[in-house]
Amino acid sequence: MKASVPMSSVRYLLKAVEEQGLDRQAVLASLDIKQEEIDQGTDFSAYRYGMLYQKIMWLMQDESFGMLSGGKVPNGTFRMMCLCIIHARSLAHALYRCSDFYEICRGPTVKPVLIKKGRFAMVTFAPLDAAATNVEILTAPESKEQLRTTLSMWHHFICWLIGRRLSLKAAYFTSERPDDVEYYKTLFQSEVKFNQHANALVFPASYLDMPIVQTEDSLRGFLKTAPYQLLVMVENDNSLKSQVMAMLGKDFSREMPSAEEVASALNMSVSTLRRRLNDEKTSYQHIKDDCRKEAAITYMNAPQLSINDIAALMGFDEPSAFFRSFKKWTGMTPGEYRKSEEYLKFGKAMKCR
Numbered sequence: 001m002k003a004s005v006p007m008s009s010v011r012y013l014l015k016a017v018e019e020q021g022l023d024r025q026a027v028l029a030s031l032d033i034k035q036e037e038i039d040q041g042t043d044f045s046a047y048r049y050g051m052l053y054q055k056i057m058w059l060m061q062d063e064s065f066g067m068l069s070g071g072k073v074p075n076g077t078f079r080m081m082c083l084c085i086i087h088a089r090s091l092a093h094a095l096y097r098c099s100d101f102y103e104i105c106r107g108p109t110v111k112p113v114l115i116k117k118g119r120f121a122m123v124t125f126a127p128l129d130a131a132a133t134n135v136e137i138l139t140a141p142e143s144k145e146q147l148r149t150t151l152s153m154w155h156h157f158i159c160w161l162i163g164r165r166l167s168l169k170a171a172y173f174t175s176e177r178p179d180d181v182e183y184y185k186t187l188f189q190s191e192v193k194f195n196q197h198a199n200a201l202v203f204p205a206s207y208l209d210m211p212i213v214q215t216e217d218s219l220r221g222f223l224k225t226a227p228y229q230l231l232v233m234v235e236n237d238n239s240l241k242s243q244v245m246a247m248l249g250k251d252f253s254r255e256m257p258s259a260e261e262v263a264s265a266l267n268m269s270v271s272t273l274r275r276r277l278n279d280e281k282t283s284y285q286h287i288k289d290d291c292r293k294e295a296a297i298t299y300m301n302a303p304q305l306s307i308n309d310i311a312a313l314m315g316f317d318e319p320s321a322f323f324r325s326f327k328k329w330t331g332m333t334p335g336e337y338r339k340s341e342e343y344l345k346f347g348k349a350m351k352c353r
């Protein structure tokens with residue numbers, strides 16, 4: 001079970017690269033990605049997509065590349081924004097700080113905005129106070145992939161901040177209804193509405209009082225693999241397994257939700273959850289174990305992460321506990337894995353980014 005993104009997302013990135021005058025083939029070659037994979041495949045490893053995204057952002061010197069921003073955002077901006085909000089007292093406080101940060105940083109002309117109305121809250125986008133930008137101009141029909149990526153990344157970022165999945169009421173898009181609407185539903189695990197007045201994430205306002213659980217230590221590991229944890233982490237197959245995987249996400253530094261919590265979020269009983277997963281020849285525990293194993297191997301394939309970094313990202317207080325779990329999952333210790341042919345081949349490609 002490998003986390004993946006649809007190949008359409010990869011093609012969108014590469015098309016944008018060519019439009020900016022970069023050498024598409026040189027970018028692919030630097031990460032040992034073959035053009036045949038792009039031409040013939042239907043999905044692509046989420047981790048490799050993250051590395052591709054990271055490479056392009058570095059080459060373009062624009063951390064907002066492929067996202068709604070209205071301008072180029074200098075590299076290092078996201079790190080500084082995270083440092084500004086990591087000590088916020090609540091999610092609401094953090095989101096207000098995000099908006100304030102965008103007002104004073106160089107590059108963007110659009111900022112995230114938190115709006116609270118009764119029992120629900122909305123994260124949407126608006127021009128900076130000092131900008132004359134019309135947001136509607138930036139949300140033209142040809143920007144569907146950009147808008148989807150933007151909302152998805154903000155959704156996953158908020159989930160990371162509070163250490164649990166933010167269950168959406170709906171995701172709004174100003175664009176026309178696309179052909180791949182089922183992928184939107186899989187991605188956001190909520191109702192998805194098109195031809196709306198704004199691009200927005202709508203969720204229960206009760207989430208706004210939740211504390212920020214991340215620290216400067218957990219932020220360091222997060223940034224080393226960004227935007228991996230902010231990307232799509234499910235298969236587009238509409239299965240219950242995919243829904244559960246989407247709820248688990250990729251932030252294993254926090255405690256995983258119980259089967260009861262997952263069932264409640266999916267509006268079903270625990271017995272129904274277990275029965276339906278059994279029909280798909282899996283179980284909640286099996287999905288959790290597979291997700292943790294896949295995440296551990298993904299992080300182990302990242303040469304820039306130390307074993308201690310990975311242990312922290314995986315939620316282990318002691319590296320020794322991670323060593324034992326990794327050997328249980330793979331049959332090898334972390335040290336043995338990093339001497340294996342699989343790592344040496346994959347790690348070499350990643351070092352080239």
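What the sequence shown shows, in full-length UniProt numbering, is residues 1 to 353, in sequence order.
Built from N, CA and C at the ideal position, the CB exists for glycine as well.
Note that the structure is a prediction, hence the values are computed from the model and not measured.
Per-residue burial, residue i [other beta carbons within 10 Å of its own, 16 or more giving buried]
{"i": "P257", "result": "buried"}
{"i": "S253", "result": "buried"}
{"i": "P204", "result": "exposed"}
{"i": "Q214", "result": "buried"}
{"i": "I104", "result": "exposed"}
{"i": "I85", "result": "buried"}
{"i": "E63", "result": "buried"}
{"i": "N301", "result": "buried"}
{"i": "H155", "result": "buried"}
{"i": "C159", "result": "buried"}
{"i": "T272", "result": "exposed"}
{"i": "A121", "result": "buried"}
{"i": "Q20", "result": "exposed"}
{"i": "S152", "result": "buried"}
{"i": "G221", "result": "buried"}
{"i": "E294", "result": "buried"}
{"i": "Q229", "result": "buried"}
{"i": "R292", "result": "buried"}
{"i": "L277", "result": "buried"}
{"i": "R164", "result": "buried"}
{"i": "S269", "result": "exposed"}
{"i": "L68", "result": "buried"}
{"i": "L13", "result": "buried"}
Length of the line joining the Cα atoms of residue i and residue j
{"i": "Y96", "j": "D39", "result": "42 Å"}
{"i": "residue 409", "j": "R106", "result": "The chain is shown only over 1 to 353; residue 409 falls outside these bounds and no answer can be derived."}
{"i": "A198", "j": "P112", "result": "12 Å"}
{"i": "V181", "j": "F323", "result": "41 Å"}
{"i": "P6", "j": "R89", "result": "36 Å"}
{"i": "I162", "j": "A26", "result": "38 Å"}
{"i": "Y284", "j": "A263", "result": "10 Å"}
{"i": "K224", "j": "Q54", "result": "10 Å"}
{"i": "A92", "j": "G331", "result": "44 Å"}
{"i": "M247", "j": "T77", "result": "28 Å"}
{"i": "E18", "j": "S8", "result": "15 Å"}
{"i": "V73", "j": "F44", "result": "26 Å"}
{"i": "G249", "j": "M210", "result": "18 Å"}
{"i": "M81", "j": "L114", "result": "16 Å"}
{"i": "K117", "j": "I56", "result": "38 Å"}
{"i": "E260", "j": "A29", "result": "46 Å"}
{"i": "R24", "j": "T42", "result": "19 Å"}
{"i": "K15", "j": "Q146", "result": "12 Å"}
{"i": "W329", "j": "A265", "result": "28 Å"}
Reference residue i; option with closest CA among the options
{"i": "I334", "options": "Q304, G315, I297", "result": "Per the sequence shown, the amino acid found at residue 334 is Pro instead of Ile. When only C-alpha atoms are compared, the closest one is I297."}
{"i": "L219", "options": "V113, K55, A312, T186", "result": "A312"}
{"i": "D217", "options": "D309, S283, P74", "result": "D309"}
{"i": "A171", "options": "R275, T150, L201, V73", "result": "L201"}
{"i": "D79", "options": "G315, N301, F157, R24", "result": "Going by the sequence as given, residue 79 is Arg instead of Asp. That would be F157, whose Cα lies nearest to the Cα of R79."}
{"i": "Q35", "options": "R11, A302, M51", "result": "R11"}
{"i": "N195", "options": "K116, C291, K144, V73", "result": "K144"}
{"i": "P303", "options": "Y53, Y47, S9", "result": "Y47"}
{"i": "Y184", "options": "L168, Y207, R148, K169", "result": "R148"}
{"i": "F188", "options": "S45, L166, A126", "result": "L166"}
{"i": "E280", "options": "K339, F65, R24, L240", "result": "L240"}
{"i": "F173", "options": "L128, V123, S206", "result": "V123"}
{"i": "F125", "options": "R119, Y102, K117", "result": "Y102"}
{"i": "V192", "options": "D129, E176, S206", "result": "E176"}
{"i": "G100", "options": "E37, R119, L128, H87", "result": "It should be noted that the sequence gives Asp, not Gly, for residue 100. That would be L128, whose Cα lies nearest to the Cα of D100."}
{"i": "D251", "options": "R274, P227, M268", "result": "P227"}
{"i": "L208", "options": "R119, W329, D317, S320", "result": "R119"}
{"i": "D289", "options": "P319, A321, S325, R274", "result": "S325"}
{"i": "E255", "options": "M245, F316, A321, I307", "result": "F316"}
{"i": "S4", "options": "I307, M245, S340, L31", "result": "M245"}
{"i": "N75", "options": "M314, S190, Q61", "result": "Q61"}
Whole-angstrom C-beta distance between residue j and residue i, which should lie under 8 Å
{"i": "I287", "j": "A94", "result": "Wrong, their Cβ atoms sit about 30 Å apart, outside the cutoff."}
{"i": "Y49", "j": "L231", "result": "6 Å"}
{"i": "L59", "j": "I33", "result": "15 Å between Cβ atoms; not a contact."}
{"i": "G71", "j": "P108", "result": "5 Å"}
{"i": "T282", "j": "S242", "result": "About 11 Å separates the two Cβ atoms, so there is no contact after all."}
Residue i CB to nearest heavy atom of the ligand GTP below 7 Å
{"i": "L128", "result": "Within the structure as shown, the ligand GTP is missing, as the structure has no ligands at all."}
Subject >> Whole runs of the alpha helix (DSSP H) within the stretch 160 to 233, excluding any shorter than 4 residues >> reply: Runs of the alpha helix (DSSP H) lying entirely within the stretch 160 to 233, each at least 4 residues long, are 181 to 188, 216 to 225 in chain order.
Original post:
Where in the stretch 20 to 72 do unbroken runs of the beta strand (DSSP E), each at least 3 residues long, occur, reported from the N-terminal end onward?
Top reply: 43 to 45
**OP:** Mind listing, in chain order, the continuous alpha helix (DSSP H) runs of no fewer than 4 residues lying wholly within the UniProt domain "HTH araC/xylS-type" (242 to 340)?
**Re:** Within the UniProt domain "HTH araC/xylS-type" (242 to 340), the complete alpha helix (DSSP H) runs of at least 4 residues are 259 to 265, 270 to 279, 284 to 300, 307 to 313, 319 to 330, 334 to 337.
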